[in-house]
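See below for the structure under consideration.
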Amino acid sequence: MDWHELSANWDSMFGKLKRRFPAIDRNRLSEAPRDRRVLTHHIADMHELTLHEARDALEEFMDREDLARRASELESR
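Residue numbers (full-length UniProt numbering): 1 to 77.
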């Protein structure tokens, strides 16, 4: 999953993000952030992580979501 896919599906992805990053604030993220850095900073601030840790955690989240989507596509064939 890349940033474009995450931001284009923001409403459906926010719940998944919230499960992974429970301290994120829906009021501050009511719309998809303009770029990945904004979300990374928010995750870092709300979870007391360094920017590097937040960036890695977000990347890991997006990789897992991509793998889950691909597995679902394979199962539906």
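We put the CB at the ideal spot given by N, CA and C, even for glycine.
- In this structure A23 is exposed. Its beta-carbon is surrounded by fewer than 16 other beta-carbon atoms within 10 angstroms.
- The three-state reading of DSSP puts F14 in helix, counting H, G and I together.
- Between A32 and S7, the C-beta gap is smaller than 7 Å, which places the two residues in contact.
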